[in-house]
Structure formats: structure tokens, C-alpha cells
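>
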Amino acid sequence: MFEAVAFYLFAFLTISMFYIAVTTSQALYALSALAAGMIFISAFFFILGADFLGAVQIVVYSGAVMALYAFGMMFFDTTRDVKEKQGNKAIVIGLSVISAVLVVLIVSAPIIGSNIEAFYPVTEGAGNVQEVGMVLFTKYLVPFEVAAVMLLVAMIAGIVLAGKKMDLSLTLMNEQEILEMREESKSKKVLP
Amino acid sequence: METAYLIETVIKIVVILLIFSALAGIGTYFERKVLAFMQRRLGPVNVGPFGLLQVAADGIKLFTKEDIVPKNVVGRIFKIAPVITAATAFMAAAAIPFLPSFTLFGYEVHPIVADINIGILYILGVMGIGLYGPLLGGMASANKFSLLSAARGAAIFISYEVITGLSILAPIMMVGSLSLIDFNEYQAGGITDWIVWSQPVAFILFWIAAFAETGRTPFHLIANDHEIIDGFGTEYSGMRWGLFFIGEYANMFFISFVMALIFLGGYGDGSFLGALGLLAKVAFFFFFFLWTRAAWPDVRPDQLMWLCWKVLMPIAVINIVITGIVMM
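Listed in order, the protein sequences are those of chains G and Y.
Each residue of the first sequence is one higher than the last, beginning at 1 in the working numbering.
Each residue of the second sequence is one higher than the last, beginning at 1001 in the working numbering.
#1: Asn1251/Y CB to nearest chain C CB: under 7 Å?
#2: What number of angstroms, rounded off, separates the C-alpha of Ala1188/Y from the C-alpha of Gly1268/Y?
#3: State the Cα-Cα distance for the pair Tyr1107/Y and Asp1193/Y, rounded to the nearest angstrom.
#4: Sorted by chain position, which residues of the same chain lie with C-beta nearer than 7 Å to Arg1152/Y's C-beta, five sequence neighbours on each side aside?
#5: Between Ala1294/Y and Gln1039/Y, how many whole angstroms is the CB-CB distance? I'm expecting something under 8 Å.
#6: Can you list the residues of chain G that Ile1228/Y reaches, using a CB-CB cut of under 9 Å?
#7: Can you give, in chain order, each stretch of the beta strand (DSSP E) that sits fully within the stretch 1046-1118 of chain Y and has at least 3 residues?
#8: Just verifying my parser: in three-state terms, what is the DSSP assignment at Asp1298/Y?
#9: What is the DSSP secondary structure of Gln176/G, counted as helix, strand or coil?
#10: Apart from the five residues on each side of it in sequence, which residues of its chain come closer than 7 Å, Cβ to Cβ, to Phe1285/Y?
#11: If you drop the 5 nearest sequence neighbours on each side, which residues of the same chain put their C-beta closer than 7 Å to that of Ile15/G?
#12: Taking CB distances under 7 Å as the criterion, tell me whether Leu1312/Y reaches chain G.
#13: Just the C-alpha distance for Phe1090/Y and Leu9/G, rounded to the nearest angstrom, thanks.
#14: Is any beta-carbon of chain G found at less than 7 Å from that of Asp1269/Y?
#15: Alpha carbons only, please: which of Phe1206/Y, Met1173/Y, Gly1137/Y, Ala1057/Y is nearest the one belonging to Thr1323/Y?
#16: Below 8 Å on C-beta distance, what does Leu170/G contact in chain Y?
#17: Is the stretch 1140-1150 of chain Y touching the stretch 39-47 of chain G in the sense that three or more CB pairs, one from each, lie closer than 8 Å?
#18: Looking at Ala1202/Y and Asn1319/Y, is the spacing between their C-beta atoms short of 7 Å?
#19: Tell me, please, whether the stretch 19-35 of chain G touches the stretch 1090-1105 of chain Y by the rule of three or more beta-carbon pairs shorter than 8 Å.
#20: Applying the criterion that 16 or more other CB atoms from any shown protein chain within 10 Å of the CB defines a buried residue, is Leu1135/Y buried or exposed?
#21: Counting pairs of Cβ atoms below 8 Å between the stretch 91-101 of chain G and the stretch 169-181 of chain G, do you hit three or more?
#22: Beta-carbon within less than 7 Å of Val1196/Y's beta-carbon, same chain only, minus the 5 sequence neighbours each way: which residues are those?
#23: Have a look at Ala109/G and Val56/G and give me their C-alpha separation to the nearest angstrom.
#24: Determine the chain G residues that contact Ala1223/Y at a beta-carbon separation under 8 Å, and present them in chain order.
#25: Which ranges does the alpha helix (DSSP H) cover as unbroken runs of at least 4 residues, wholly within the stretch 1188-1227 of chain Y, from first to last along the chain?
#26: Judging by CA-CA distance, which residue of Ile1026/Y, Gly1119/Y, Ser1021/Y, Glu1235/Y is the nearest neighbour of Ile1068/Y?
#27: Should Met221/G go down as buried or exposed, given a rule of 16 or more other Cβ atoms within 10 Å for buried?
#28: Taking 7 Å as the cut-off, decide whether the C-beta atoms of Leu31/G and Tyr61/G are in contact.
#29: Would you check if there are 3 or more beta carbon pairs closer than 8 Å linking the stretch 1274-1289 of chain Y to the stretch 1119-1127 of chain Y?
#30: What would DSSP say about Gln86/G, mapped onto helix, strand or coil?
#31: Got a sec: is the Cβ-Cβ distance from Val1299/Y to anything in chain G below 7 Å?
#32: Under a Cβ-count criterion, where at least 16 other Cβ atoms within 10 Å of its own Cβ denotes burial, should Trp1309/Y be classed as buried or exposed?
#33: Tell me, to the nearest whole angstrom, how far the beta carbon of Gly1238/Y is from that of Lys1071/Y; I am working on the premise that it is less than 8 Å.
#34: In chain order, what residues of the same chain lie with their CB nearer than 7 Å to the CB of Ile1116/Y, ignoring the 5 residues before and after it?
#35: For a contact meaning CB atoms closer than 8 Å, what does Phe1263/Y contact in chain G?
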């Protein structure tokens, strides 16, 4: 009974939060609703007994949305409404409904066909974290390592893109050196 | 789900809420007294014996003050931000074992609301969400000082979450579990079993990150009085400001509990003496927060980032590698 109540409560909360995130024209409402929706999703993991995935959902998405806030702060005044360019509404709504129906069909087709079975049944006596680890480091080892390499590539690319003057530290320089550096960059016509 | 379990959980939640809301108030009294002692002042002396009723006077003031919502703010976000800080602080408490289990009128009580097997991860995640409070309050306030404070809050959040996670990974590898009760059992043998002896580096790193997590003085950049007024709290008044305050102090107590449980043996073997020991360790960590505030100046934001990414993070990674090699 509790599970059903919790499921419908959090389903309602999640959908209404994402509805706000899509429809509002106020950037702060949209970002906060997005963060709240992401956190409410973790409730489904907790209901299903996948505590580890629930906590990871909270940690990862709260950090990710925080970065979005930072971008919002840098690019526009978040206390004003955003003027959105309204395209053809019929096309937008039609396409989103079709894609939503498609996703539901794709996910639920194997369940309706009832040929879905668990390859890796729950190990007795092992905790949530251990179970995830066992599957991740046996069956899915190669995708896991590939993802790690991709993240490494992205990190190095980020360092190269942002890393001009990484050898200098404003903290360790005195005023004279900072002024000289500014002059130098001005003469080179490069943004400091 | 028996009714007894439900009633027990609700009672635990109410007790924790009441105790720690009250402790947040009393914490401000101790903070003033300790700071006054260290700075050769008297602190609160006029209201009640030793100024003890100052807490009540402050409470009455906060509750009865007019709740002002300025004109250009983003109304709903502005109103909800303090609630996020206070609520997430108490949500984190759900996975903390405050005392060893004891028997009350023949009924065994476990003083932990939810013994989930990923306790420490949940606590850190929810405490991380707590920084949404200052961030949203700062961004919704339509005030430049608040906005600066929000930007600093986001920067601290993104960098110091890394330190917290990496520093705690080495003890987790040793214990092999994420539950705080398992951490306690691992160190139940006595002082020599404490993780702080085998992981001193992780302990220091986590302690430093705890100051950033709670926004206390060496890293008190999000509400730095002498640069940006009260930061995210500038536009707040009355009980909404009070909620920020309760959240901050409750967070200090909870992170003290977490540090004592992970590194300093927690409540040990579960005896009465062990329970007292846990409370003493928590009191020491809380006192250390106040001591640091009296003794240290604030660092600059760029120094904070430098410290995080160029000093603490490499040390944390090296610590994990060495722990892994030793364990193999």
C-alpha cells in the first residue's frame, strides 16, 4: 500500500516538475523544477530497493544541474523572463507526442511479449553496491572501460581548450608582474 | 509495514527535528561565548543567567519580525530557498546513527531513521543539495552581492564535492561498505582500531572539505561580511533568514557526527560510555568549527580554488592509489 501511494505521489510530482521546466519562461523556475524533478526520480529507485542508484541519481544530477545554473548566471539576468521565439506550436506538440509514444512502445514491447528475463538474479547476501560492481566489472567491463577512455579524452580536450596561461597564477604574482602580463597580452591583441 | 514501525519512525523523526532545531539555537549561544572568550570579550550576559536566555530572545525576535519580500525578486524561488537549506540538512540526518541501539521499556530502539546500506553516499548527496539554498536565494534576490555569493556557492559546491568524495573513498575501500553502522562495527575494537590512524590523510582532507561543505570560516565566502554584506542572506528577514541559520548549524552538527562515526570510532562497542564518547567527539568537532572562526581569516576565492584543485585533489588521488596498493 505504501509503495503504491509513494509511487503515485512521486510520479505526479516528477511529471508536474518537468511540465513546469518545459512550459515556464522564467529561467530560475525552469532550472529549479528540473533539479527537483531529477531528485524526485531517485524516489523510484528507492521504492524499487536500488538504493545505490537512487543516491547516485541525486549526487550526479544535483551537480550537473548546478553547472547549468552557473551558465544561466553567466549569460543572462535570471530574474527577468526570457522572451522565447515561438515556432509552429502544432509541429512541436505533434513531434513530442509521437516521440513519447514511440519511447513507451519501444520500452514496453519486450514486456508485453513476455520474453524478458533477468540474466543476473539477485545474489544472496550481497549489498546493492556489490551487485552493481559485479555486473559492471564482468559482463559490462568493455563498455565501462570505453566510457572511461571517452571521459579522459573529454577531460584532456577541456584542459587544452581552457588551458591558455595555465602556467601562470595570479595568486603567486605581484602587482608589477600582473601589469606586465596585461600589457604583453594587449600588444599581442589576445584577450587576457 | 507494521503500524508499530510506522509510529516508531514518525516519533524518531519528530525527536530528531526538535532536538537539532533547539541545538541550532543553543549552538549560536556557544558560538558567541566561545568567540567572546577567545577575543577577550564577555559575549551575551544580560538576558538570564550567563546570558543563557539570549537564545529565547533571538528566537522571539526572528519569529515576530516582519517577513519582507522585496520588489524585484523571483517570488517563489526566493521564498523556497531557505526551506531547501533547512530541509536538506534534516534529510541528511535520516541515515546517521546518533547513538547505539538501546532498550526502552522492553522495546529495542535503533536511533537511526533509515538504515539504508548506502548511508554515507546518501548523506553526502543530500548535504550537497543543501547548497541549492544559498544558490537559489542568491540568484533570486535581484541583488548584486547576493548574485556574487551564489556564484561562489556554485564554485565551492562543484570543487569541494570532489574532495569529499575522493577523501572518503579510501576508508570505504578499507571497510567495504557504505553504511555508517558498518563503519562503526569495523572500529568497535577500541582506540587502536580507529580509521584515523590508518587514514590520517583522508581524515584531514575530509575535515577541510567539511568546512567548505558547511560554509564555515576559512571558506565562509558565500556570506562574507566584509566584502559582500551577508551574501545570499542580504535580502532576507525574519524567520526565512532564521531557516538559513538553522540549516547551517544543523549541518555543522550532522557533519560532526559523520566525521566522528567514520574516522574516530563512533560509539565504539555500543556501551553507555561509548555513546558518551560519540557525543564528546561531536562536541569537540563543533568546538573546532568555532575555534577556527576565532583564529583564522577567510581565504580569497581564487586561493580556495587553488587549494582545492592543485593541492587537495592530487593528495586525495595519491592517497587512494596508495591505499589500493597496500590493500592488494
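Glycine residues also receive a C-beta, built at the ideal position from the N, C-alpha and C atoms.
Taking the geometry as given:
#1: The structure shown contains no chain C; the protein chains it does contain are G and Y.
#2: If you draw a straight line from the Cα of Ala1188/Y to the Cα of Gly1268/Y, it is about 5 Å long.
#3: C-alpha separation (whole angstroms): 31 Å.
#4: Here Arg1152/Y has Leu1221, Ile1222, Pro1301 as same chain residues with Cβ atoms under 7 Å from its own Cβ, once five neighbours each way along the sequence are excluded.
#5: The C-beta separation of Ala1294/Y from Gln1039/Y comes to about 6 Å, placing the pair in contact by the 8 Å criterion.
#6: In chain order: nothing, as chain G lies at least about 15 Å away.
#7: Restricted to the stretch 1046-1118 of chain Y, the beta strand (DSSP E) segments that are unbroken, complete and at least 3 residues in length are 1102-1104, 1107-1109, listed in chain order.
#8: In the three-state reduction of the DSSP assignment, Asp1298/Y falls in the coil class, being assigned neither a helical nor a strand state.
#9: In the structure shown, the three-state DSSP call for Gln176/G is helix.
#10: Within the same chain, Cβ atoms closer than 7 Å to the Cβ of Phe1285/Y are found at Ser1256, Met1259, Ala1260, the five residues on either side in sequence being excluded.
#11: So the list is empty, once near-sequence residues are dropped.
#12: Not a single CB atom of chain G sits nearer than 7 Å to the CB of Leu1312/Y.
#13: Taking the CA atoms as reference points, Phe1090/Y sits about 21 Å from Leu9/G.
#14: Chain G, which has no Cβ nearer than 7 Å to the Cβ of Asp1269/Y, makes this no.
#15: Per the Cα distances, Met1173/Y.
#16: The contacting residues are Asp1302.
#17: These segments do not touch.
#18: Their beta carbons are under 7 Å apart, which means Asn1319/Y touches Ala1202/Y by this criterion.
#19: Output reads no: the stretch 1090-1105 of chain Y does not touch the stretch 19-35 of chain G.
#20: Burial call: buried.
#21: No, they do not touch.
#22: Cβ neighbours of Val1196/Y beyond the five flanking positions: Phe1203, Phe1263, Leu1264.
#23: Going by the C-alpha atoms only, they are around 28 Å apart.
#24: Near Ala1223/Y there are no residues of chain G at all, since even the closest Cβ is about 17 Å away, more than 8 Å.
#25: If we require 4 residues or more, the alpha helix (DSSP H) runs fully inside the stretch 1188-1227 of chain Y come out as 1195-1198, 1200-1214.
#26: Ile1068/Y has its Cα closest to that of Glu1235/Y, out of Ile1026/Y, Gly1119/Y, Ser1021/Y, Glu1235/Y.
#27: Nothing can be reported for residue 221/G: it is not among the residues displayed for chain G, which extend from 1 to 192.
#28: No, Cβ-Cβ distance for Leu31/G and Tyr61/G is not below 7 Å.
#29: At 8 Å Cβ cutoff, the stretches do not touch.
#30: Reduced to three states, the DSSP call for Gln86/G is coil.
#31: No, Val1299/Y lies away from the interface with chain G (no Cβ there is under 7 Å from its Cβ).
#32: Counting of Cβ neighbours within 10 angstroms places Trp1309/Y among the exposed residues, the total staying below 16.
#33: Rounded, the Cβ-Cβ distance is 17 Å, inconsistent with contact.
#34: Taken in chain order, the residues that qualify are Ala1095, Tyr1122.
#35: Neighbours of Phe1263/Y on chain G: none; closest Cβ ~20 Å, over 8 Å.
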